[in-house]
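Down below is the structure, laid out as structure tokens.
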Ligand code: C2O
Ligand code: CU
Ligand code: CU
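Numbering (the working numbering), first residue to last: 282 to 742.
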């Protein structure tokens with residue numbers, strides 16, 4: 282290192298990062314930030330004996346890193362864009378200041394090639410979250426840009442280990458190369474499924490875990506499209522949190538439906554014997570799909586699930602249902618016309634979907650009209666009506682909400698940021714509009730999001 286300046290050292294270690302990107306101001310800022318992400322393209326092996334070309338990640342040399350933050354503690358994440366296109370990073374589920382939310386034009390300008398943006402925020406909630414681009418979202422996510430973000434609670438519930446599991450598909454041919462990211466005819470229906478299922482960018486990985494120990498599995502479904510039902514088999518396992526919020530009473534990890542954007546925290550008691558076959562599976566007719574395996578190793582640690590302390594609830598305000606105003610939203614096909622506007626954040630060139638009959642016209646500079654304007658501090662019931670025969674995981678930025686009721690099923694009273702609306706379902710959810718700003722509100726099936734099923738709510742301070 283002798284004789285190299287700090288700046289030259291950074292350049293050298295930055296891999297594919299070009300000199301203009303790492304030099305000067307951005308590099309000096311990066312030294313002070315606790316976390317640094319470099320949006321990069323790279324070649325990486327997903328299928329055995331092949332190298333998938335032109336993947337995209339938040340690191341120059343491999344899968345997106347797991348970001349670990351602390352609840353209530355301010356953090357800085359320096360994002361440098363070494364892609365040859367614009368991007369922006371969104372922190373899914375974090376109730377943070379609007380200008381740090383990472384939505385092009387709504388909260389910030391896209392980060393152009395070679396530019397950096399420093400995100401600074403204090404996460405109010407603990408739990409399992411994730412991060413992803415919100416610019417050219419379909420292609421950038423399809424190429425790999427989904428990372429996990431964990432916010433740690435000050436109090437440790439007593440796990441021996443914490444294992445983030447980033448669950449997603451890639452659309453690859455048998456040669457390991459990307460095929461078309463979507464098909465327009467599917468985008469107008471349920472969406473286009475991937476061809477290769479992965480966990481942490483690996484096909485059916487094996488995790489060796491200490492026998493008899495207690496492991497916190499953190500599942501995040503970061504896929505573009507797939508709604509699935511997941512289970513942990515071959516061991517005692519309890520779901521302790523969904524979408525970052527603890528369950529009042531844990532339930533067996535047997536049938537957990539997760540849509541794109543949703544998460545589940547599972548307390549796993551690793552079996553004692555090394556012969557045990559513990560699997561994370563996704564339900565499938567004609568035989569479940571194994572996504573990952575967990576292998577007990579060594580002498581048993583002899584732990585017991587009952588030793589775990591319950592998770593602390595997050596400080597999400599409770600809506601005042603007696604004084605809440607009802608806001609109606611209808612999710613459906615788009616009316617005729619209205620081709621999306623061209624955008625440096627990409628457009629699929631089609632409009633299929635709408636919210637309240639209005640199709641999002643693309644990520645373009647404003648002014649843009651909100652779907653609704655809410656007053657800071659007031660309680661609201663959002664009445665979400667899906668008039669289509671397809672499911673839509675509806676996601677709201679900046680604010681968490683509680684599930685109230687549905688015309689189709691009994692809903693658990695969960696607090697979430699992403700609610701799966703089934704075919705022709707109408708669901709009421711409640712929130713307190715406590716975070717001022719313009720908050721994106723969209724379906725998390727990215728083909729739907731990018732073909733009209735997007736809008737935003739304005740919370741006026
Ligand atoms: Cu994870 Cu606007 O989304
Ligand atoms: Cu989000
Ligand atoms: Cu949708």
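Cβ atoms here follow ideal geometry from the backbone N, Cα and C, with glycine treated the same way.
In the structure shown, residue 649 adopts coil according to DSSP, grouped into three states. Membership of residue 317 in the beta strand (DSSP E) is indicated by the continuous run 316-325. Inter-residue distance for residue 464 and residue 437 is about 45 Å (C-alpha atoms, whole angstroms). Annotated as distal: residue 524 and residue 735, with beta-carbon spacing of 8 Å or more. Taking non-hydrogen atoms of ligand 1 into account, the C-beta of residue 542 is found less than 7 Å away from one of them.
A check of alpha carbon separations from residue 645 across 387, 353 and 399 identifies 387 as the nearest. At a cut-off of 7 Å, the beta-carbon of residue 736 does not count as near ligand 2: no heavy atom of the ligand is closer than that. Cα atoms of residue 553 and residue 563: separation of roughly 24 Å, rounded to the nearest angstrom. Distance between residue 543 and residue 484, taken at the CA atoms: about 21 Å.
Residue ranges of uninterrupted beta strand (DSSP E) with 3 or more members, entirely inside the stretch 506-564 and ordered along the chain, are 509-514, 517-523, 526-533, 537-539, 544-550 and 559-563. In the three-state DSSP reduction, residue 588 falls in the helix class (H, G or I).
By the criterion of a C-beta distance shorter than 7 Å, residue 376 is surrounded in its chain by 405, 406, 679, 680, 681 and 716, once the five residues flanking it on both sides are discounted. For residue 419, no beta strand (DSSP E) run applies; the uninterrupted alpha helix (DSSP H) run containing it begins and ends at 418-423, by DSSP. Under DSSP, residue 736 forms a beta bridge with 722. For residue 721, the CB falls within less than 7 Å of some heavy atom of ligand 1. Listed in chain order, the non-local C-beta contacts of residue 628 below 6 Å within the same chain comprise 621 and 643, local neighbours out to five positions each way being set aside. DSSP places residue 467 in the uninterrupted alpha helix (DSSP H) bounded by 465-468. A distance criterion of 7 Å places the beta-carbon of residue 673 beyond contact range of ligand 1, judged by its closest non-hydrogen atom. Bounds of the alpha helix (DSSP H) holding residue 728 are 727-730. Residue environment: residue 635 is assigned as buried (16 or more neighbouring CB atoms within 10 Å of its CB, all protein chains considered).
For residue 688, the secondary structure class from DSSP, reduced to helix, strand or coil, is coil.
Within 10 angstroms of the beta-carbon of residue 480 lie 16 or more other beta-carbons, which makes it buried.
Distance from the Cα of residue 626 is smallest, within the candidate group 355, 414, 658 and 401, for 414.
An exposed status is given to residue 460, since fewer than 16 other beta-carbon atoms sit within 10 Å of its beta-carbon. Relative to the non-hydrogen atoms of ligand 3, the Cβ of residue 676 never comes closer than 7 Å to any of them. Note: residue 567 is not bridge-paired with any residue in the DSSP secondary-structure output.
Looking from the CA of residue 672, the closest CA among 500, 493, 709 and 508 belongs to 508. For residue 412, the enclosing beta strand (DSSP E) starts and ends at 408-414. Distances from the CB of residue 508 to the heavy atoms of ligand 3 are all 7 Å or more. Taking 7 Å as the cut-off, the C-beta of residue 729 counts as close to a heavy atom of ligand 3. The beta carbon of residue 690 lies closer than 6 Å to none in the same chain, with the five residues before and after it left out. A distance criterion of 7 Å places the beta-carbon of residue 718 beyond contact range of ligand 2, judged by its closest non-hydrogen atom. For the 8 Å CB-CB criterion, residue 674 and residue 531 do not form a contact. Approximately 12 Å separates the beta-carbon atoms of residue 661 and residue 652; this is outside 8 Å, ruling out the contact.
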